[in-house]
Amino acid sequence: MTGQDLDELRARAAEGDHDAVDQLVELAGERGDLDELRRLADAGSGDAVDVLVELACEREDLDELRRLAAAGSSDAADVLAELIDDQNDGE
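For our numbering, add 855 to where a residue sits in the sequence shown, where the first one is 1.
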């Protein structure tokens, strides 16, 4: 996918095209593009939040999970609590 294709998808997503948002989330998840996922999540995409939580969990990125939990993601809060509990059990 070219930069122009991504720009077109972003424009469609900004106009409320849910299919474009879904495609952007999928592409950003495949690339591990946290900035794109954050932008989509901030625009209201629950799918982007889900992918961010998944990536943050895989990377054990507690800061990202805290940020997502503070923004209202109960999944991020649950994963964060689990990771912290696992770390405390390992000590």
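Think of the CB as a built atom: it goes at the ideal place given N, C-alpha and C, for glycine as much as any other residue.
- Alpha-carbon spacing of R893 relative to G899, whole angstroms: So the two alpha carbons sit approximately 10 Å from each other.
- Query: Are V880 and L895 closer than 8 Å when you measure CB to CB?
  - Reply: Taking 8 Å as the Cβ cut-off, V880 and L895 qualify as a contacting pair.
- Message: Going by DSSP in three states, S900 sits in which element: helix, strand or coil?
- Response: The answer is coil: DSSP assigns S900 none of H, G, I, E or B.
- Return the residue from the list R886, G884, E891, D902 that minimises the CA-CA distance to D862. Of the residues R886, G884, E891, D902, the one whose Cα lies closest to the Cα of D862 is E891.
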